[in-house]
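What follows is a single structure, written as structure tokens, with notes after it.
In my numbering, the protein residues as written are 185 to 498.
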């Protein structure tokens with residue numbers, strides 16, 4: 185077998201000299217590197233040359249990491265956006281609900297103030313149905329015969345007269361609005377005291393006063409109040425405000441159009457008056473007027489007898 189050629193640690197003089205030479209070269213390189221920094225410069229240059237290769241080799245891994253982070257961020261942002269959108273919708277719904285509750289509380293406060301100012305026996309009711317057709321303007325309330333509601337009771341809101349009860353069921357009642365074509369309400373013009381009749385119309389949002397005398401002083405803006413005639417509606421309740429006047433085609437009367445005072449299309453809570461019962465039969469006889477009994481002449485009867493004519497003495 186052949187032996188290995190020129191081993192480093194050979195047992196000959198040549199191997200020892202080679203080792204000494206390597207050591208001397210190493211010492212010289214270390215001294216030069218310590219003094220001049222040649223090896224550092226060499227390593228720096230090699231690193232600069234090799235760095236692009238490292239970057240190129242790491243591009244796939246870096247790209248995958250960037251894509252995963254971008255996808256995770258996009259998904260997280262999408263989820264956050266969805267939660268924020270849901271929170272915004274919920275906040276808007278709560279805000280709208282609070283606004284609705286505040287408006288409802290305001291309406292109830294106005295009704296309570298109306299009740300206190302009128303000092304009447306009233307009953308609170310809620311509108312549960314609406315029938316605003318061409319020939320019928322009706323409301324349905326959540327109180328009925330079991331709650332003491334009777335046909336003919338006036339119905340008002342915080343702003344004026346709404347109508348009257350025309351039908352009662354055990355738990356509900358039907359109200360005919362003042363704008364119903366079949367409704368006729370005695371009214372008086374507040375400014376002049378003129379009495380007339382306000383009829384409903386098919387428009388649903390107006391009152392018609394077709395029998396005003398031509399010479400009557402009626403102006404746009406005049407307020408209409410209940411006159412109290414008929415005994416069903418107490419006098420002084422707001423009914424509407426005149427918005428238009430014009431002669432009828434025959435030229436015999438003036439016809440006025442009035443806007444109802446009540447919020448017919450928006451009121452959700454109303455008041456039923458219990459104090460005004462519809463009169464039944466003829467009115468009671470008037471109490472006789474005369475001087476008190478203690479001031480009457482002594483011996484005078486309930487009916488004074490006519491004085492006698494004095495005769496002439498013959």
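C-beta: ideal position from N, C-alpha, C; glycine also.
Alpha carbon to alpha carbon, how far is residue 345 from residue 387? Here residue 345 is taken as the residue at index 161 of the chain shown, counted from 1. Here residue 387 is taken as the residue at index 203 of the chain shown, counted from 1. Going from the Cα of residue 345 to the Cα of residue 387 covers about 18 angstroms.
Going straight from the alpha carbon of residue 440 to that of residue 458, what length do you get? Position 256 of the chain shown, counting from 1, holds the residue named residue 440. Position 274 of the chain shown, counting from 1, holds the residue named residue 458. Taking the straight line from one Cα to the other gives about 31 angstroms.
Alpha carbon of residue 323 to alpha carbon of residue 369, nearest angstrom: The sequence position of residue 323 within the chain shown is 139, counting from 1. The sequence position of residue 369 within the chain shown is 185, counting from 1. So the two alpha carbons sit approximately 17 angstroms from each other.
Are the stretch 261-276 and the stretch 404-419 in contact at 8 angstroms, needing three or more beta carbon pairs? no
Report, in whole angstroms, the separation of the C-beta atoms of residue 333 and residue 352, which I expect to be a contact under 8 angstroms. What you label residue 333 is simply residue 149 of the chain shown in a count that begins at 1. What you label residue 352 is simply residue 168 of the chain shown in a count that begins at 1. The Cβ separation is near 5 angstroms, so the contact holds.
Can you check which of these residues, 347, 247, 234, 325, is closest to residue 355 by C-alpha distance? Walking along the chain shown from the start, residue 355 turns up at place 171. The shortest Cα separation from residue 355 among 347, 247, 234, 325 belongs to 325.
Figure out for me which residue from 335, 290, 307, 359 has the closest Cα to the Cα of residue 320. Taking the chain shown and counting its residues from 1, one reaches residue 320 at position 136. Of the candidates 335, 290, 307, 359, the one whose C-alpha sits nearest the C-alpha of residue 320 is 359.
Looking only at its chain, what residues have a beta carbon closer than 6 angstroms to the beta carbon of residue 378, apart from the 5 residues adjacent to it on each side? Here residue 378 refers to the residue found at position 194 of the chain shown. So the qualifying residues of the chain are 400.
Would you check if the distance between the CB atom of residue 442 and the CB atom of residue 409 is smaller than 8 angstroms? On the chain shown, residue 442 is found 258 positions in, with the first residue counted as 1. On the chain shown, residue 409 is found 225 positions in, with the first residue counted as 1. Against a cut-off of 8 angstroms, the Cβ pair of residue 409 and residue 442 comes out as no contact.
Decide if residue 317 is buried, meaning its Cβ has at least 16 other Cβ atoms within 10 Å, or exposed. In the chain shown, residue 317 corresponds to position 133, counting from 1. Flag for residue 317 reads exposed.
Just to confirm my understanding: we take residue 311, look at its own chain, exclude 5 residues before and 5 after, and list those with CB closer than 6 angstroms. What are they? Within the chain shown, numbered from 1, the residue matching residue 311 stands at position 127. Counting only Cβ-Cβ distances below 6 angstroms, and skipping sequence neighbours, we find 323, 452.
Just the Cα atoms here: how many angstroms apart are residue 225 and residue 199? Looking up residue 225 in the chain shown gives position 41. Looking up residue 199 in the chain shown gives position 15. Their backbone Cα atoms lie some 33 angstroms apart in a straight line.
With 16 other Cβ atoms within 10 Å as the buried cut-off, status of residue 376: Numbered from its first residue, the chain shown carries residue 376 at position 192. Residue 376 is exposed by the Cβ-count criterion.
Option in 274, 429, 348 with minimal Cα separation from residue 404: Counting from one through the chain shown, the residue named residue 404 turns up at place 220. Comparing Cα-Cα distances from residue 404 to each of 274, 429, 348, the minimum goes to 429.
Please report the Cβ distance between residue 384 and residue 391, rounded to the nearest whole angstrom; I am assuming they are in contact, meaning their Cβ atoms lie under 8 angstroms. Taking the chain shown and counting its residues from 1, the one referred to as residue 384 is at position 200. Taking the chain shown and counting its residues from 1, the one referred to as residue 391 is at position 207. So it is a contact: roughly 7 angstroms between Cβ atoms.
Given a cut-off of 8 angstroms, decide if residue 455 and residue 307 are closer than it, judged by their beta-carbon atoms. On the chain shown, position 123 is the one that residue 307 refers to. On the chain shown, position 271 is the one that residue 455 refers to. Yes.
Looking only at its own chain, which residues have a Cβ that is under 6 angstroms from the Cβ of residue 417, when we skip the five neighbours before and after it? Sequence index remark: in the chain shown, residue 417 carries index 233 (1-based). Once the five neighbours on either side are set aside, the close Cβ partners of residue 417 are 338, 410.
Check whether residue 380 and residue 363 have beta carbons under 8 angstroms apart: Here residue 380 refers to the residue found at position 196 when the chain shown is read from its first residue. Here residue 363 refers to the residue found at position 179 when the chain shown is read from its first residue. Result no, Cβ atoms of residue 380 and residue 363 do not sit closer than 8 angstroms.
Reduced DSSP secondary structure (H/G/I, E/B, other) of residue 362: Working through the chain shown from its first residue, we reach residue 362 at position 178. Reduced to three states, the DSSP call for residue 362 is coil.
Can you check whether the CB of residue 426 is closer than 8 angstroms to the CB of residue 447? Walking along the chain shown from the start, residue 447 turns up at place 263. Walking along the chain shown from the start, residue 426 turns up at place 242. No. Outside cutoff.
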